[in-house]
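A short worksheet on the structure shown next.
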Amino acid sequence: MRRQRLEILLFVTPALALMAVFVLYPVFSAARMSLYSWQGFGPMDDFIGLENYLRVLTDEVFTDAVMHNFIIVFASIAVQLPLGLALALLLNRRIKGRGLLRTIVFVPYVLAEVIAGVVWFQLLQPRTGLLEQAVSSVGIPVPEQGFLGTPDLALTTVFVVLTWKYLGLAVLLFLAGLQGVPDELHEAAQLDGASWWQVQRRIAVPLIAPTIRTWVFLSMIGSLQLFDMVWILTGGGPANATTTMVTYLISMGTQRSNYGIAGAASVVLFLIGFAMALAYQYLVLRRDTKADA
Amino acid sequence: MARRATAYGRGGPLVYLVALVVVAVTLGPVLYGALGGFRSNAQLARDPAGLPDPWVFSNYTSVLSSSAFWQYTLNSTAIALITTVVAVLAGVMAAYPLARYQFKLREPLFLVFVLGLLFPAAVAIIPLFILVTQDLGLGDTWWGVALPQAAFALPVTVVILRPFLAALPKELEEAAMLDGATRVGVFWRIAVPLSMPALVTVGVLAFVTSWNAYLLPLLLLRGETRTLPLGVADFSTQYSADTAGVLAFTTIAMIPALVLFLAMQGRIVSGLQGAVKG
């Protein structure tokens, strides 16, 4: 038994040490930092209790950032879910070039968010960008500051680019689920006179519901952590119209050395993500695990 | 699986039309970048939608002949490789006892990794920056970025590998043990080789994640140690007037991830699906 314990220790120590040093300790110190007023140098001894939280939660820039995150969370589900499902159903049909199509749809997902962002930034340049010109050539007026420079449009524009980037993942996952639906079901339903649409709606989509629910979960978590694309496209601007929780804590921490504020924002971000994960697990995903048991 | 040739479930003209639109929207921005790199800034200004006329190669050649580009590529490659090796090695070692041994703390230990999935790097990013640059003195180094990235890749690695290892047939390992092999020897010579397909999957995931990473390198790397995404982002702000140059740089930076993806498509896809089901 002692020998076995030694072996287990040997096997798990590297992983646990890495997690302890680079995950748990930093998360713990973010929480600790949030209770102090600290500018990043000297001892951390100015304990101020929950004052940083008060300041973060009453800072309009932060509460707006939380709202932007939630807008992206809900817009992603409302737009990408039906669109992804429609494309997956389309690609699941026996059309020519299906394999190639599937590869192409997934291309944006593979690119770095930064690289995709830089290309879109060029496409969206006011006046000179291709998209600006294309839109104005069909007679739609283009805002003077461009899509990314107009506060009312910037977040929507970021969301459009995010949808371009991440729709492929939804399609891919749904498609994999659909291909797990046995052909016999389709055939049986077809023999009973069901149309293609009826089969999809009544059989295929319900059968891949667990995949859909998991995608929703992944999408939610990703939307809460949104940073790269926003930082490249707008930097959080114009006039803080596209800030997210992460852009807020990065600019507080690195540009203004407000470490206490950044720590409090980190904890709030974690708590929101954790609460949503638990709620989703409890309300929605639990059905799946129950069904397995 | 013989598919019957009925009209059911096949594409009509409308389906092909939708597919065409999807392809155009998906590839449009990528092609715009690639073709724009073959044009001059004057051509781009005159007509953003036009084709190269004449084709200009100087944008690409100047990127490929700049030492900065190759330095970024080397940094990205080295950091991604270290991240992958550390994450896969530590991950498979941790997953093995979780799959094979019976011990009291097994499920709580596994829970540590599952909970790790809930801690995004963004939450810990400021303390990580202080830890790596000040406490460990690893700012501007490959290891300073690779080790935290490996740590954050571990949860998903362990969560994917554990069921895979548990599903391997026990008989080979038992036979080797009867022949006097140690548990550690069995791990290296039997379990690791048998789980190669799963190791490649988690490895590719860790590699691509590291290759595309922005936030952590942004805080930790400056100057000569920057990675490709940082290089692309900085180039596009520094030379924002040189649109054709930016497009050429961006396009070349896309190539490695695209090639890796095309070569490893099956693995990436099954890895993502494994992560979703797991």
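For the record, the sequence lines run as chains Y and Z.
The numbering of the first sequence is this note's numbering, which starts it at 1 and goes up by one.
The numbering of the second sequence is this note's numbering, which starts it at 1001 and goes up by one.
Beta carbons: idealized from backbone N, C-alpha and C, even for Gly.
- DSSP places Z/TYR1239 in the coil class of the three-state scheme, outside both helix and strand.
- Going by C-alpha positions, Y/LEU85 is about 51 Å away from Y/MET44.
- DSSP places Y/ARG94 in the strand class (E or B) of the three-state scheme.
- Where Z/ARG1100 is concerned, the enclosing alpha helix (DSSP H) starts and stops at 1067-1100.
- Under the rule that a run must span 4 or more residues, the alpha helix (DSSP H) segments found entirely inside the stretch 130-216 of chain Y read 130-137, 151-179, 183-191, 196-199.
- Z/PHE1057: not part of any alpha helix (DSSP H); DSSP gives it neither H nor E.
- Under a criterion of Cβ atoms nearer than 8 Å, the residues of chain Z adjacent to Y/ALA262 are, in order, ILE1126.
- With respect to chain Z, the C-beta atom of Y/ALA30 has a partner C-beta closer than 8 Å.
- Per DSSP, reduced to three states, the secondary structure at Y/TYR36 is strand.
- Look at the beta carbons and you see the stretch 209-227 of chain Y touching the stretch 67-76 of chain Y: at least three pairs across the two are nearer than 8 Å.
- Within a 10 Å sphere around the beta-carbon of Z/TRP1055 sit fewer than 16 other beta-carbons, which makes this residue exposed.
- Within the same chain, Cβ atoms closer than 7 Å to the Cβ of Y/HIS68 are found at LEU155, THR242, THR243, THR244, the five residues on either side in sequence being excluded.
- Using a CB distance below 9 Å, the part of the stretch 1188-1217 of chain Z facing chain Y consists of VAL1208, TRP1211, ASN1212, ALA1213, TYR1214, LEU1215, ordered along the chain.
- Secondary-structure assignment with DSSP links Y/PHE47 through a beta bridge to Y/TYR36.
- When the beta-carbon positions are compared, Y/LEU178 and Y/ASN92 come within less than 8 Å of each other.
- For Z/THR1026, the C-beta contacts it makes with chain Y under 8 Å involve ILE104, VAL105, VAL107, PRO108, TRP164, GLY168, in order along the chain.
- With 16 or more other Cβ atoms from the protein chains shown falling within 10 Å of its own Cβ, Z/VAL1145 counts as buried.
- With respect to the 8 Å criterion, Z/VAL1208 and Z/ALA1257 are classified as neighbours on the basis of their beta carbons.
- Judged by DSSP secondary structure, Z/PRO1013 falls within the alpha helix (DSSP H) whose first and last residues are 1013-1036.
- Check the Cα spacing between Z/ASP1140 and each of Z/TYR1096, Z/ARG1226, Z/TRP1211: the tightest is with Z/ARG1226.
- Z/PHE1038 is outside the set of residues whose beta carbon lies under 8 Å from a beta carbon in chain Y.
- Taking a beta-carbon distance threshold of 8 Å, Y/GLY139 does not count as an interface residue toward chain Z.
- Closest in C-alpha terms to Z/ALA1263, from the list Z/LEU1228, Z/THR1201, Z/THR1237, Z/ILE1125, comes Z/THR1201.
- Uninterrupted alpha helix (DSSP H) stretches at least 4 residues long and entirely within the stretch 1158-1208 of chain Z occur at 1171-1178, 1183-1186, given in chain order.
- Distance from Y/PHE47 to Z/LEU1215 at the Cβ level is roughly 29 Å; contact not present, criterion being Cβ atoms closer than 8 Å.
- For Y/THR242, no alpha helix (DSSP H) encloses it, and the DSSP letter there is neither H nor E.
- With respect to Y/ILE203, Z/VAL1015 sits apart: the two C-beta atoms are not nearer than 8 Å.
- Taken atom to atom, the span from the alpha-carbon of Y/GLY263 to that of Y/ILE272 is near 14 Å.
- Within chain Z, the residues whose beta carbon sits less than 7 Å from that of Y/ASP228 are TYR1214, LEU1215, listed in sequence order.
- One Cα belongs to Z/ALA1121, the other to Y/LEU83, and the distance between them is close to 29 Å.
- Nearest Cα to Y/ASP152 within the set Y/ASN240, Y/LEU283, Y/GLY42, Y/TRP38: Y/ASN240.
- Taking the beta carbon of Y/PRO14 as reference, the chain Z residues within 7 Å of it are ALA1090, MET1093, listed in sequence order.
- Taking 7 Å as the cut-off between beta carbons, the residues of the stretch 1049-1072 of chain Z near chain Y are ALA1049, in sequence order.
- The beta carbons of Y/ALA31 and Y/VAL268 sit no closer together than 8 Å.
- Within the same chain, SER257, ASN258, TYR259 come within 8 Å of Y/GLN39 by CB-CB distance, once the 5 residues on both sides are set aside.
- Within 7 Å of the CB of Y/ALA277, the CB atoms of chain Z belong to LEU1118, in sequence order along the chain.
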